[in-house]
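For the sequence shown, the UniProt record's numbering begins at 1 and goes up steadily by one. By construction, the Cβ of each residue, glycine as well, lies at the ideal position given by its N, Cα and C atoms. Keep in mind that this is a model prediction, so the values were computed, not measured.
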Amino acid sequence: MDSPVARVGVLGGTFDPIHTGHLAVASEVCAELGLDQILLTPAYSQPFKLGYDAASPEHRLAMCELVAAEDERFAVSPVDIERGGITYTVDTLSDLREQRPDAELFFITGADALDRFEEWREPDRIAELATLVGVTRPGHSLVHTERPHILVEVPALAISSTDVRRRVRAGRPIRYLVPRCVADYIAVNGLYYGGIDD
Numbered sequence: 001m002d003s004p005v006a007r008v009g010v011l012g013g014t015f016d017p018i019h020t021g022h023l024a025v026a027s028e029v030c031a032e033l034g035l036d037q038i039l040l041t042p043a044y045s046q047p048f049k050l051g052y053d054a055a056s057p058e059h060r061l062a063m064c065e066l067v068a069a070e071d072e073r074f075a076v077s078p079v080d081i082e083r084g085g086i087t088y089t090v091d092t093l094s095d096l097r098e099q100r101p102d103a104e105l106f107f108i109t110g111a112d113a114l115d116r117f118e119e120w121r122e123p124d125r126i127a128e129l130a131t132l133v134g135v136t137r138p139g140h141s142l143v144h145t146e147r148p149h150i151l152v153e154v155p156a157l158a159i160s161s162t163d164v165r166r167r168v169r170a171g172r173p174i175r176y177l178v179p180r181c182v183a184d185y186i187a188v189n190g191l192y193y194g195g196i197d198d
């Protein structure tokens with residue numbers, strides 16, 4: 001008898017740092033679509049976020065691993081960090097397909113990002129590799145793409161990694177914006193206390 005196909009969500013991002021908004025998205029999509037697992041895949045370097053002061057890939061990967069250890073539904077894939085260079089979704093999904101040939105992949109991204117899907121590298125190949133899942137963000141719920149996709153409404157948490165970094169530099173609290181393990185990691189490693197965001 002064949003084993004059931006694993007339904008795996010792929011949530012990529014800079015995760016600089018990973019915050020509760022990311023986790024709310026992962027949790028809601030996992031529950032809504034009945035997924036078996038959510039793979040957090042931190043980017044090595046994103047094409048739309050070049051030139052700002054980021055924590056190292058190793059630090060960002062470590063923070064994702066701390067978070068995943070607290071939720072049995074989450075796991076971390078280092079495929080993009082191990083590959084290096086600019087991270088493109090088509091490469092992420094191609095590598096994951098090689099590693100998990102029997103899994104059904106669901107690529108999770110913001111609804112606003114799906115609006116620009118045709119600008120991505122090899123959109124046709126991405127659509128072949130995974131089902132597209134758009135999550136709604138505050139003030140943005142429509143997806144203007146002809147591509148088949150699933151839209152999932154997520155509680156509107158207006159948290160951004162940029163704001164977390166700025167709060168750290170300003171000495172303001174980040175408790176409840178990031179998991180405690182991430183806040184502790186940032187403090188112990190002295191992350192985000194210098195530099196300027198775009």
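Unbroken stretches of the alpha helix (DSSP H), 4 residues or longer, contained in the region 161-194: 161-169, 180-189
Extent of the continuous beta strand (DSSP E) to which residue 7 belongs: 7-13 is the span of the beta strand (DSSP E), which, as asked, contains residue 7.
On the CB-based measure, 16 or more other CB atoms within 10 Å of its CB, does residue 59 come out buried or exposed? buried
When the Cα of residue 122 is compared with those of 28, 157, 90, 103, which residue comes out closest? 90
With distances taken between CB atoms, is the gap from residue 104 to residue 5 smaller than 7 Å? Residue 104 is a Cβ neighbour of residue 5, given a cutoff of 7 Å.
Going by alpha carbons, who is nearest to residue 37 out of 175, 153, 135, 10? 10
Proximity to residue 188 [Cα-Cα], best of 63, 172, 110, 163: Out of 63, 172, 110, 163, 63 has the C-alpha closest to the C-alpha of residue 188.
Return helix, strand or coil for residue 159, following the three-state DSSP convention. Note: residue 159 maps to coil in three-state DSSP.
Report the three-state DSSP secondary structure of residue 85 (helix, strand or coil). coil
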